[in-house]
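Start counting the sequence shown at 1373; every next residue gets the next number (this note's numbering).
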Amino acid sequence: MRITVLLLLVFCINFCEAQQAKNVDFLTCKAELMILPVKKEVRGKVNYSFKVKEDTDSIFIDAKNMVFDNVYFKKRRASFKVTNQKLWLFKKFKKNKEYTVSFNYQAHPKKAMYFIDWENQDHPEANPQVWTQGQGKDNSNWIPSFDDMNEKVEFDLSVTFDNAYVVITNGKLLNKEIINDDTVKWNYDMEQPMSSYLLAIAVGKYVKKEEMSKSGVPLEMYYYPKDSLKLEPTYRYSKQMVDFLEEEIGVPYPWQNYKQVPVKDFLYAGMENTSVTIFSDAFVVDSTAFVDKNYVNVNAHELSHQWFGNLVTETHGTHHWLQEGFATYYALLAEKEVFGDDYYYHKLYKTSQQIIKAQKTDTIPLMNPKASSLTFYQKGAWALHSLREQVGDSIFKMSVQQYLAAHQFKNVDTNDFISIVEKLGKQDLTEFVNTWLLSNKLPIITMFESLKKNNVIDEVIKLDEGYHSKLISESHEYIKAAFIRNFKIDTLDRTKIIRLHNLFKIGEPKVRQLLADKFNRIPKSLQAEYETLLYDKSYKTIETALLSLWVNFQEDRKQYLDKTEKIIGFNDKNIRTLWLALALNTKGFEKTKYMVFYDELVGYTNPVFHFEVRKNAFEYLNELQLVNSTVLQNLQQATKHHNWRFRSYCKKMFNHLKN
């Protein structure tokens, strides 16, 4: 009998979950949060309002591993049940009636909210932060909310925190309340509903630059106080891209403001939380790093999501391309506005090569929730590029505008978009849907016909297909790059050496970077030319050149190390960590400083450093067989890191060293 009752209860709960979206519409949430970073704890007082669409006797709010008390419907104690996944509320809820529920909760989130450097906050390299990343169903680890993206709520968050820190979250900052000498409450307001996965909080020591878009949208660009000289290259073109996308999309930016916040050890490149993009501080760059690792594409992609994903949100993973394909495509259009048509077509060409190559093993079509990221992002963008060419600019832009206007602050599926394009364009798009969205094959001929409309890319394709042409100094950068990419150096005769001498005179950094990568063995006759790469405005080129020269010319190792000793490189210290590894492995170099160099490299494995710095240090120390107990201890700690790629890398290395 007991088993039967339990089975019935499980069935009832599962049935109720499926029915909730049909029965209840949550409207608003007012949440007052207190974050205790050292304890990795969140405490909150939450008030939800909701409207009942059909009579029901139970509703739920997703809440993972939380403790609740003071649960009330207005002033009446509520009947409730807490599982490790949900807060269940029981009452005879009546159709067309509005209710409010309030409660207090406490959580120690294992994911979605991350507490950075609080255990090492006295270390000079520490940068204590709290930030969230809840894409999918994870935000219910730190705030009772909704894993179902079809449930859209207008959230107003207030966050109480140490007054030495800045708190950023969704919406507009109304005011800051002084609680006491040490604590401030930040009160934010939103005006429109959104899916819960787009909730976000970032806390840290920040300064901000404020601008205004052409249409009057307040833009806030946050940075660390030490990074004032990196502000311009990091956020380069930001305002221009906001202005462009508003005009191109034809729908005003839909939120009260737009904020961008870099954080340490982020899980991805960036995340498009409503009105507040959080991105990896690896993209906080100086003008040299901008050449290889700039924020422009990520910036444009996350900005585009404010319309495609945030304003209109997929109903189901089957339609995920409506978010990622659109954001990728519109980011590419924004880059086209900044860098020009040739850049746009060159990037399409590069992504076409990626998806054509992947097609051999990646056989899941675009409209499938299990499709790869490459498919959702790049094939999705290609589908929109192709559709625009098919229906024309005017019909395409009108369709996007009507699609967003008709479904703003709602959820959408593919037919919602396609039907509008068909109606305005007066054409049947069945073939387009079958070719691009439902098939796992690519229309390669159509793709290349489109690419060859651009004269520069037509020439690049010819070079990549084996057509030989004479390279001239006035050739486009992409043509020079294709020429070098296809230039054979397995056998070097006098003619090729002369040609290589001339190629080293090319000025474009990306083209010279290809030259740096070209050689395993550098001919003595090209040593002087190759050495000029050490002075390029590219940290990637310098890193490659330093290693290649060090390997090829042992007698000159000291001078190469002397020339590059002061260069740090990207935020991952790519050049500095390489330099230390080479210095430790160069016989007779700075003998008295050997332990200083070693201690510095070992120091970079400390948890207080960015995980990319740590990864470089672990890798070099392992290759040099210089792993000591401190490194091993730091490596073991890293096997529990929140960034899964770094964690996996460290687990593999740790297990290898143990065995």
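Each residue gets a CB set at the ideal place from its N, CA and C atoms; glycine is no exception.
Cβ-heavy atom distance, residue i to the ligand SAM, below 8 Å
i	result
Glu1903	Within the structure as shown, the ligand SAM is missing, as the structure has no ligands at all.
Secondary structure of residue i, DSSP reduced to three states
i	result
Leu2029	helix
Ser1744	coil
Pro1634	strand
Val1589	coil
Trp1922	helix
Phe1398	strand
Met1584	strand
Asp1908	coil
Val1980	coil
Thr1863	coil
Ile1540	strand
Phe1891	coil
Thr1472	strand
Val2003	helix
Ile1550	strand
Asn1806	helix
Gln1885	helix
Glu1523	coil
Ile1727	helix
Asp1599	helix
Glu1404	strand
Asn1492	coil
Met1770	helix
His2014	coil
Phe1990	helix
Asn1682	coil
Phe1781	coil
Val1531	strand
Asp1434	strand
Asp1788	helix
Integer Cβ distance of residue i from residue j, believed to fall under 8 Å
i	j	result
Val1502	Ile1550	Going by Cβ atoms, the distance from Val1502 to Ile1550 rounds to 20 Å, so no, they are not a contact pair.
Lys1450	Lys1466	With the sequence shown as reference, residue 1450 is identified as Ala, and Lys is not the correct amino acid for it. 16 Å between Cβ atoms; not a contact.
Asn1511	Tyr1569	6 Å
Thr1428	Asn1468	About 12 Å; that fails the 8 Å criterion.
Phe1445	Tyr1471	6 Å
Glu1686	Asn1783	7 Å
Ile1488	Asn1499	7 Å
9 Å Cβ cutoff met for residue i and residue j
i	j	result
Tyr1595	Val1579	yes
Trp1922	Met1819	no
His2014	Leu1639	yes
Ser2096	Asp1658	Nothing about residue 2096 can be read from this structure; the chain reaches only from 1373 to 2031.
Gln1628	Phe1651	no
Glu1523	Ala1435	no
Ala1730	His1692	no
Glu1413	Gln1505	no
Leu1918	Leu1973	no
Ile1728	Ile1816	yes
Met1613	Glu1709	yes
Ser1771	Leu1738	no
Val1525	Pro1481	no
Gly1712	His1673	no
Ser1610	Met1593	yes
Phe1781	Val1684	yes
Start-to-end residues for the alpha helix (DSSP H) that takes in residue i
i	result
Trp1951	Asn1946 to Leu1956
Ala1574	Segment Ile1573 to Gly1576 is the beta strand (DSSP E) holding Ala1574; no alpha helix (DSSP H) there.
Lys1930	Arg1929 to Thr1936
Met1967	Tyr1966 to Gly1975
Leu1835	Asn1827 to Asp1836
Tyr1754	In the sequence on display, residue 1754 carries Trp and not Tyr. That run of the alpha helix (DSSP H) goes Gly1752 to Val1763.
Phe1465	Counting along the chain, Phe1465 falls outside any alpha helix (DSSP H), though it belongs to the beta strand (DSSP E) covering Lys1458 to Phe1465.
Ile1856	Glu1849 to Arg1857
Tyr1902	Gln1899 to Glu1903
Val1676	A quick correction: the sequence has Ser, not Val, at residue 1676. Segment Val1668 to His1677, the alpha helix (DSSP H) holding Ser1676.
Continuous beta strand (DSSP E) stretch holding residue i: start and end
i	result
Gly1416	Glu1413 to Val1424
Met1438	Met1438 to Phe1445
Lys1708	Here Lys1708 belongs to no beta strand (DSSP E); instead the alpha helix (DSSP H) covers Trp1693 to Phe1711.
Gln1612	Segment Ser1610 to Ile1621 is the alpha helix (DSSP H) holding Gln1612; no beta strand (DSSP E) there.
Ser1451	Ser1451 to Val1454
Phe1662	Looking at the DSSP string, Phe1662 is not in any beta strand (DSSP E); the run it does join, the alpha helix (DSSP H), is Ser1659 to Lys1665.
Ser1517	Run containing Ser1517: none; DSSP gives neither H nor E here.
Query raised in the report: Between the region 1823–1831 and the region 1711–1728, are three or more C-beta pairs nearer than 8 Å?
Result: yes
Query raised in the report: Counting pairs of beta carbons, one from the region 1674–1683 and one from the region 1605–1618, are three or more of them closer than 8 Å?
Result: yes
Requested in this report: Count the CB pairs spanning the region 1527–1537 and the region 1391–1403 that are closer than 8 Å, and state whether there are at least three.
Outcome: yes
Query raised in the report: Would you say the region 1771–1781 touches the region 1800–1807, given that touching needs at least three Cβ pairs under 8 Å?
Result: no
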